[in-house]
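Residue numbers (the working numbering): 203 to 636. Ideal placement from N, C-alpha and C gives every residue a C-beta, glycine not left out. Notes to accompany the following structure.
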Ligand code: IMP
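In structure tokens form, the structure reads like this:
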């Protein structure tokens, strides 16, 4: 089956955008299947001989490739203002000249302004119980989808339909906003504003599920691009410190209509170390100079919120879980260059609580996970700059041993290694099947 998945294997920010961008060469269609503009993909591609940086929050990074179709599937939550902003910015820079290149699912849920306001108000009210959300309205929008009161993108095309749908919802939202001491919204103004967005989005809006089905029937290569990471999955992650969507490979099925046995290659992306933004347990987190070094050298500051990311050693116990629940067929390791210069490097292979209990995968009770200590294997590091390495053979022996050890622990091949942000700064060991 020509449906391949790229999924974050950690807590997000693994560098999926770059891997998707590379694999897009072999794909006909790239589909974003969940999340919203809580994600941020930074891409650096060569244009006119110079590195050119693009940050995308919603539109699949495949959009930078001429002739590749990109889909925002119905499982995605769409903030229309953000979406239009990205469309405009891309078009101004010479991308997305043909509107056919982008398909927005007519039944994707719309992030309404009250979703963002509620997200921020609730986080503020949580005090030190904060989830650390991105404040983009993601959770409140998914809540409405589950509660069967989502506003779909297609609802923005008809003032009367939209007004009738929003009226009862807004009455409730305004009550909540007033409870938090926030400003409320006027139905007519809101309807007008949202319909204005709808008009501009219209050329891109289609039945995405039908499109995906037809493309698969035509044996075209589809690449499904996950946002966030496995441990942020609302069902399988470190709940409640998770996002509100299914970030794992299974999310492809429930959000796009591809059957579970219709998935082919499932590539998980992991940094050569680990990061997390927002609250929640992080067993391998480093509060020392090594953690600070990883943050500075790896430029670990959020591309969506600018927040400094929490940094630590790679957690192969958490990755073991990610391999299992995603059915990963390969692992792509990013930012290996960031580890260069460290005397030794560590891999967490399990956890202990110091009282005789041991785990080889994260205990899913976050209170238990918060109390565990990682069990590390320590390996020699390498001092060479590896950003110019393009072949496996040319990596320093210690770097090869580190990757080989990971592959052995995880029982999955390392299929790609990234040694720098640019498209070319990559070692590809195994391509996606054609
Ligand atoms: P939300 O998705 O904004 O509701 O945030 C919920 C949790 O997911 C918070 O801990 C966020 O920091 C985290 N999160 C959401 N999107 C991303 C992402 O793209 N990368 C990393 N963490 C994310």
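Span separating the alpha-carbon of residue i from that of residue j
i	j	result
residue 636	residue 230	The predicted model places residue 636 with a pLDDT of 49, which falls under 50 and marks its position as unreliable, so this point remains unresolved.
residue 214	residue 204	25 Å
residue 543	residue 425	35 Å
residue 364	residue 405	19 Å
residue 358	residue 313	12 Å
residue 518	residue 393	49 Å
residue 414	residue 554	45 Å
residue 371	residue 380	14 Å
residue 631	residue 618	5 Å
residue 292	residue 298	6 Å
residue 594	residue 604	13 Å
residue 434	residue 216	12 Å
residue 563	residue 423	33 Å
residue 418	residue 284	29 Å
residue 343	residue 377	17 Å
residue 207	residue 280	21 Å
residue 327	residue 334	12 Å
residue 526	residue 592	29 Å
residue 577	residue 321	37 Å
residue 451	residue 387	37 Å
residue 264	residue 296	14 Å
residue 267	residue 227	8 Å
residue 337	residue 514	25 Å
residue 274	residue 599	42 Å
Contact under 8 Å by Cβ, residue i with residue j
i	j	result
residue 458	residue 277	yes
residue 225	residue 453	no
residue 366	residue 389	no
residue 469	residue 531	yes
residue 539	residue 621	yes
residue 504	residue 443	no
residue 585	residue 535	no
residue 475	residue 571	no
residue 262	residue 427	yes
residue 581	residue 547	yes
residue 528	residue 209	yes
residue 259	residue 288	yes
Residue i - partner residues in DSSP beta bridges
i	result
residue 581	547
residue 258	243
residue 629	619
residue 542	Beta-bridge pairing links residue 542 to no other residue.
residue 206	425
residue 509	Partner(s): none; residue 509 has no beta bridge.
residue 478	512
residue 272	232 and 304
Residue-level contact to chain C via CB, residue i, 8 Å cutoff
i	result
residue 270	This model lacks chain C altogether, as it is built from one protein chain only.
Assumed close pair residue i, residue j - CB separation to whole angstroms, cut-off 8 Å
i	j	result
residue 240	residue 440	With 8 Å as the limit, residue 240 and residue 440 do not qualify as a contact, their Cβ atoms being about 16 Å apart.
residue 347	residue 311	5 Å
residue 488	residue 211	That belief does not hold up - the Cβ atoms of residue 488 and residue 211 are roughly 19 Å apart, past 8 Å.
residue 607	residue 516	Not quite, the Cβ-Cβ distance comes to about 10 Å (not below 8 Å), so this is no contact.
residue 551	residue 561	Not a contact, Cβ separation roughly 11 Å.
residue 407	residue 306	5 Å
residue 477	residue 511	4 Å
residue 245	residue 269	About 17 Å separates the two Cβ atoms, so there is no contact after all.
residue 627	residue 589	6 Å
> Considering only residues of the region 381-441, which uninterrupted alpha helix (DSSP H) runs meet the minimum length of 4 residues and lie entirely inside it, listed in chain order?
Replying inline: 389-403 and 410-419
>> Threshold first: 4 residues or longer. Then list the alpha helix (DSSP H) segments lying entirely within the region 300-354, N to C.
In response: 315-328 and 340-348
>> In chain order, what are the residue ranges of uninterrupted alpha helix (DSSP H) at least 4 long that sit wholly in the region 206-231?
In response: Correct list: 218-225.
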